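Chemist: Pasting a structure here, questions to come.
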Amino acid sequence: MNKQKIFISLLAISIPAIALLPLPDFWIVQLNYIGLYALVCLGLVLLTGVGGLTSFGQAAFVGIGAYTTAWLTLNTGISPWITLFIGLGLTAISALVIGTITLRMSGHYLPLATIAWGLSLYYLMGNLDELGKYDGLLGLKSLSLGSVNIGQGRMFFVLTWTILIVAAIALLNLLDSRAGRAIRSLKAGSLMAEAMGINTFRYKVTIFLIAALFASVAGWLMAHFQRTVNPSAFGLKMGIEYLFMAVIGGVGYVWGAFVGAGLIKLLDDYLQVALPALIGTSGSYEVIVFGIAMVLVLKYLPNGIWSLVANKLPSPPRKIDWHDAKPLSTRTKPALGELVLKVEKIRKQFGGLTAVNDISFDIHAGQIVGLIGPNGAGKSTTFNLITGVMPKTTGQVFYRGQDISAAPSRVIARQGMARTFQHVKMLNDMTVLENVALGAYTRGHCGVISSMLRTNKNEEQRFMKEAQQQLERIGMGQYLHELAGNLAMGPQRLMEIARALCCDPALLLLDEPAAGLRHKEKQELIKILRQLKNEGMSILLVEHDMDLVMNVCDHLVVMEFGTLLTQGTPSEIQASPAVRAAYLGMEH
Amino acid sequence: MKNKKTLLALAFTALTSTNALADIKIGVSLSLTGPGSGLGIPMQKQLQLFPKTIAGEKITLIVLDDATDPGKGSSNARRFVKEDKVDVIYGSSITAVAAAMTEITSEAGTTQVAGSPVGLPPGKDKWLFRLAQSNSVMAHALVEHMKKQGVKSVGFLGYTDAYGQQWLDAISPELDKAGIKLVGIERFARTDTSVTPQAIKLTSANPNAILVVASGSGAAMPQLGLVERGYKGKVYQTHAAATPDLSRLGGKSVEGTFVVSGPALLGDQLPDNHPSKKLALDFVQKFENEFGANSRNQFAGHAYDFQVAMEKAIPLALKKAKPGTAEFRSAIRDSLETMGRTVFAHGVMNWTPTDHWGYTIETGVMTKVVDGKFKVE
Amino acid sequence: MDFSIASILLLDGITNGAIYALLGLATVLVFTVTRVIFIPQGEFVAYGALTLAMLQSGKTPGTVWLLLILAFVAACIELIACWRHHHNVSRAVRSAFKILVFPLFISLTTIWVAPQMFPLWLQAIISVAIVTAFGPLIYRVAYQSLEDATPLVLLIVSVGVHFAMTGFGLLFFGAEGFRNPSFWDDRFAIGSVTLSGQAIIILISTLALIVMLWLYFERSLSGKALRATAVNRTGARLMGITSHTSGQLVFLMAALIGALSGLLIGPTTTMFYDSGFLIGLKGFVAAVIAGLASYPGALLGALVVGIIEAFGAFWASAFKEVIVFTLILPILLIRSLRSGHADEGH
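Chains as they are written, first to last, in the working numbering: chain A, 816 to 1403; chain B, 708 to 1084; chain C, 220 to 565.
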């Protein structure tokens, strides 16, 4: 963290330094353009690189910011400093409207939607009389501070790059916070994030809004830099170019935005002159190079150019400064033997197929209940029904007296039911500590703004302390600063359990926790589960490994073809001929 | 011996390098791609015939594409002014782009000669000179012809871009003055796959004449669409369509179309006492020599006129200052303002310190497409 | 708006819709087999029309040079990849050569044929052959090594390919437009509506292509193999169906459809080097309406787009594009909600 602070301070100092150096004027012009583009790309880093939401339509938001200030400053006497905020307001409204509609789309539908509204907004802007139609608006004034004209030169450079650096710092702060971890979890699919209590849709809209606001500021600056606004700068082609810059620079990295914007602008300028000389005729052939470069980058360097640098730079382990942090608040746990979970006749039908057929069972505090059955019995479906991932056809589930039958998984997480997954869902490029801290999401409250301003330091320390404690609780203390993607399967599963424990649950739901574990690791797991049980935790386990199940469970629920076959203690189940028949078939 | 040679070599390089410093640099920004390419490309072609020296000074042309984008135009202008440090700028072929460039050129004190009729608030065009007839001039000629033909109602079928909009803005008042009704306004895009719906709407209003506002090869399709719908009235086209592409793509269907143009294209048809006849003939001859018979183009004519303007202004400016200096750039502007009545291929102009505008309202010439060629009406 | 105008607009919408349907079909085809959202589909249309236009004027179309360059690049990539995989030089050379054969043949043929002004139908066949050869080459160069990437990455690659192809189009065809002669000049009057021969050809060709595609996928072994790859790539590979071949085959079909569309649309409109993008985009809208999954849906969607465009142009021609592209948003929303919570994990 410190290295980054040093780097940023250097950058901050270099801005006025560069402004004072006797550089050719043209270089300053270039740097101004690069700064403007980098600001838009920064939004894309957040939206696309971190959030996984590809957007080709950022240029339209740049347009809203630019046109707002243009129209207002030309037709009314309002100062540009105020039109900035009016533009931000308008952008926010449109982003919220567009985002709420399009962000419900998954997968590749979203970028298509961004292409669609990018085109629509472009044609709309080009057809409105008040906005000068395709000619646009001309004659805008430069920005000025009091009697000082900021102009288009060095002072503008200082202004733009200061805004840019502030935005970059805010983004870096955001990404390393509770909200940041939530945002980073979006890319891995909403299943895990929702199970940790994160409202993924709200976060998607939030990052969409932030990216749009960054673009709007860039538009405001651009309008007063070029002193003319015109629809073609805000059309689909420009929207695609912004994405190009971000991807080529490295869309997952904040500094990738800088690299990408810089490289493309300089290349564009160079090619504008060099290509016609090379080819012999004038025309805009830079697109050919960009198109080919795009394909090459995605083939051979998919994480962008900055990834080369980032891989070489060592990332120091997080400084442990949270020894004195106050522990997070915990919820009251149920007394031993109290009814924790009541599953009543839950059923799931897919058309004519009944996957889960009126299953009922109870879990009491301090019990480890195993849900077993042959393959295809419907165990995972039952699991998903209970945890709110899948809607039930009929039936009810009560958790500590509360009816959670219709609750989505994030509400259930907040109540104190935490789960792990059959296929480990974690964020590979975050450390183990950060992954586990994600589990404590519901126990914090600092939002996006406090994260950006770094007023959430206290809460962060409490999170980290909790995460460290949970990891040490299950014996993973030595893995704190390891990248989650580097772990072997066993430690990964344990990490998921630690993450679930960070939710401060009264009921832990484990989906095949022993799958893929070696014998020794399974022994470890049994020890941990027993330890948790002794501490009062209730556990629902779906498992195939009979040894482990028989060893650790107090009560077993056996399913076959979606129906409850029988329930009982491990010895009862082992003796049951019905169970044996289900697993091994009838004896002839 | 060796020393002498080195001395000579040094002297030679010194001389040539000072000559290099004395190169006159002209920055050219044209729309070579995008909707305005029909206007920009012919200008670029003509500029290939630009003289290599004027008054003994070497001329360097730096040609950049602005893709019909004012943003790109202004960034080109910035480059010319800050990096290449040009002495004079020619551009752009599209008014919106040229206007954006003016912001930069006027601030930098570099003369800009626009190949398009750029409208600016008075006082803002201190450094801007226009070589092109404004759309109002051309519209006036069109409407006069319509009056003579007894046209009482007109339909409008134009591009959905700046060119279409400007023509609509230019011709509406002219039509009003002449008492001709504008009965329908339809728009289309250059890359549209059909204009049938628009054509239907216009032809069902059955105007006496329909004005098609498009450029270059884009001008043929709308007219073909009208013909296909059985429209039997008169069809008018703007000067951007005064290119061989119209007949190449339109074939028989565009015979008899009335196209307004500047005099530059019609040298061989102008009366002998027309002042521009000589230059118009010269332009057409040189252009078609290089680019083929019947390739003459309205907009290339403007580029030719730029050459004429430079050939007159640069020697005057050289008397006052050396190229590459702010004084020279200023001197070019002064020369253009004071060189008095100048004959161009497209007409006669007289720039003064208070008037940087182009041609008078009588400059437009009506032609008719006959056998694929433009004949003066 | 009376009945005769409405029927003319309807016909116009259907004729344009037929072209969009072809492109929509090609888009669905490519997506279902390779997961590539092929934005540059429209470029094939432009290349096809403009190649024919250049042949018509007796010049060697620039597409030939691009084809040769692309073929050599693809052959080199194949050479290196094959050698890396098999460490057998002769095998590598042979597979590289296989890539070169057809493009080389068609290019040389075209260069010889160009000044000779063959009849229209022969030139049309040559144009289609040239553009079709592009398909598998583009797949080999840009997409093959990215077979396992997410659809989003492939989408961005498609945008890159689109930019490159448009730029090359500008380079080889220039910025001015071209029109091809109609294949059938006659006009037929049906009631108050005139049907041009070209429109009839468009409608018949579209239907024919749809039927052929349907037969191919239902009845032929290689068609079924393509469907298998679309459903489960690994499973198909286990059955001996290489995804390389599937990919190249489906791109070949897409290029073929694109080239044919270019021929069909060339006579009715002036084609510019960048006309392909909007046409392809509308075909793409049609495919999205069909959820990028169903062929009849794409056909229906395309007709809807064409008709909306025609009526929209009649009522508010300046806002035609806004109408068409804003309409896609609710459709995308409905589609996305319907396809459920397919948690793709981006």
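Positions of the beta carbon are idealized from the N, C-alpha and C atoms, including for glycine.
What you are looking at is a predicted structure, and each value in this text was computed from that prediction instead of being measured.
Using a C-beta to C-beta distance shorter than 7 Å, which residues of chain B count as neighbours of residue 491 of chain C?
Modeler: 897, 898
Chemist: Pick out the complete alpha helix (DSSP H) segments inside the segment 1255–1334 of chain A, 4 residues or longer, and give them in chain order.
Modeler: 1263–1268, 1272–1288, 1304–1316
Chemist: When the cut-off is 8 Å and only beta carbons count, does residue 868 of chain B lie next to chain A?
Modeler: Residue contact check for residue 868 of chain B against chain A: a CB pair falls below 8 Å.
Chemist: DSSP state of residue 384 of chain C, grouped into three classes?
Modeler: Assigned with DSSP and collapsed to three states, residue 384 of chain C falls in helix.
Chemist: For the segment 729–738 of chain B against the segment 765–775 of chain B, do three or more pairs of beta-carbon atoms, one drawn from each stretch, fall closer than 8 Å, so that the two count as touching?
Modeler: Verdict: yes, contact present.
Chemist: Between residue 1219 of chain A and the rest of its own chain, which residues show a CB-CB distance below 6 Å, the 5 nearest in sequence each way excluded?
Modeler: For residue 1219 of chain A, where only same-chain residues beyond five positions count, the Cβ hits under 6 Å are 1212, 1227.
Chemist: Name the chain C residues whose beta carbon is nearer than 7 Å to that of residue 1105 of chain A?
Modeler: 382
Chemist: Strictly by DSSP, which residues pair up with residue 968 of chain B?
Modeler: B:1072
Chemist: Is the beta carbon of residue 1065 of chain A sitting closer than 8 Å to the one on residue 1146 of chain A?
Modeler: no
Chemist: Pick out the complete alpha helix (DSSP H) segments inside the segment 1037–1077 of chain A, 4 residues or longer, and give them in chain order.
Modeler: The qualifying runs are 1051–1064.
Chemist: Give me whichever residues DSSP pairs with residue 1165 of chain A in a beta bridge.
Modeler: A:1168
Chemist: I'd like the list of long-range same chain contacts for residue 715 of chain B, defined as Cβ closer than 6 Å, with 5 residues on each side in sequence excluded.
Modeler: Low per-residue confidence applies at residue 715 of chain B: pLDDT is 48, beneath 50, and the placement is therefore not dependable enough to give any value.
Chemist: Where does residue 1327 of chain A land, buried or exposed, given buried means 16+ other C-beta within 10 angstroms?
Modeler: buried
Chemist: Taking the DSSP output, what are the residues bridged to residue 1234 of chain A?
Modeler: Looking at the DSSP assignment, residue 1234 of chain A forms a beta bridge with A:1324.
Chemist: Whose C-beta lies closer than 6 Å to the C-beta of residue 960 of chain B among residues of the same chain, with five residues either side of it excluded?
Modeler: 931, 934
Chemist: Consult DSSP for residue 847 of chain A and reduce its assignment to one of helix, strand or coil.
Modeler: helix
Chemist: Name the residue from B:836, B:802, B:841, B:984 whose alpha carbon lies nearest to the alpha carbon of residue 1430 of chain A.
Modeler: In the structure displayed, chain A extends from 816 to 1403; residue 1430 of chain A sits before or after that span and is not available.
Chemist: Interface residues of chain A around residue 540 of chain C at Cβ under 9 Å?
Modeler: 934, 935, 937, 938
Chemist: If I measure Cβ to Cβ from residue 750 of chain B and keep anything under 7 Å in the same chain, skipping five residues before and after, which residues do I get?
Modeler: Cβ neighbours of residue 750 of chain B beyond the five flanking positions: 737, 800, 822, 1006, 1007, 1009, 1010.
Chemist: Applying a beta-carbon distance threshold of less than 9 Å, which residues of chain A neighbour residue 554 of chain C?
Modeler: 920, 924
Chemist: Below 8 Å, how does it come out for the segment 435–451 of chain C and the segment 495–512 of chain C: are there three or more Cβ pairs, yes or no?
Modeler: no
Chemist: Could you spell out where the beta strand (DSSP E) holding residue 1140 of chain A opens and where it closes?
Modeler: Neither: residue 1140 of chain A is in no beta strand (DSSP E) and is coded neither H nor E.
Chemist: Distance, Cα to Cα, residue 791 of chain B vs residue 819 of chain B?
Modeler: 15 Å
Chemist: Residues of the segment 1037–1069 of chain A with a CB closer than 7 Å to any CB of chain B: list them in chain order, please.
Modeler: 1041, 1042, 1043, 1045, 1047, 1048
Chemist: For residue 862 of chain B, does the three-state DSSP call read helix, strand or coil?
Modeler: strand
Chemist: Alpha carbon to alpha carbon, what distance is there between residue 876 of chain A and residue 894 of chain A?
Modeler: Each residue's alpha carbon lies about 21 Å from the other.
Chemist: Would you please verify whether the beta carbon of residue 398 of chain C is less than 8 Å from any beta carbon of chain B?
Modeler: yes
Chemist: Using a Cβ-Cβ cut-off of 6 Å (strictly less than) and excluding sequence neighbours within five positions of residue 878 of chain B, which residues of its own chain qualify?
Modeler: 846
Chemist: In the DSSP output, which residue or residues are listed as bridge partners for residue 408 of chain C?
Modeler: Its beta-bridge partners are C:413.
Chemist: Per DSSP, residue 336 of chain C forms a beta bridge with which residues?
Modeler: Note: residue 336 of chain C sits in no beta bridge, so no partner.
Chemist: Just the Cα atoms here: how many angstroms apart are residue 1317 of chain A and residue 555 of chain C?
Modeler: 34 Å
Chemist: Between which two residues does the alpha helix (DSSP H) containing residue 1018 of chain B stretch?
Modeler: 1005–1025
Chemist: Using a Cβ-Cβ cut-off of 8 Å, state whether residue 855 of chain A counts as contacting chain B.
Modeler: no
Chemist: Between residue 1025 of chain A and residue 1128 of chain A, what straight-line distance do the alpha-carbon atoms span, to the nearest angstrom?
Modeler: 28 Å
Chemist: Give every residue of the same chain whose Cβ lies closer than 8 Å to the Cβ of residue 725 of chain B, excluding the five residues on either side of it in the sequence, and list them in chain order.
Modeler: Caution is warranted here: a pLDDT of 40 is assigned to residue 725 of chain B, below 50, making its placement in the model unreliable, and the coordinate value is therefore given only provisionally. The answer is none, since no qualifying residue turns up.
Chemist: Between residue 1110 of chain A and residue 380 of chain C, which are expected to be in contact by the criterion C-beta below 8 Å, what is the C-beta distance as a whole number of angstroms?
Modeler: 6 Å
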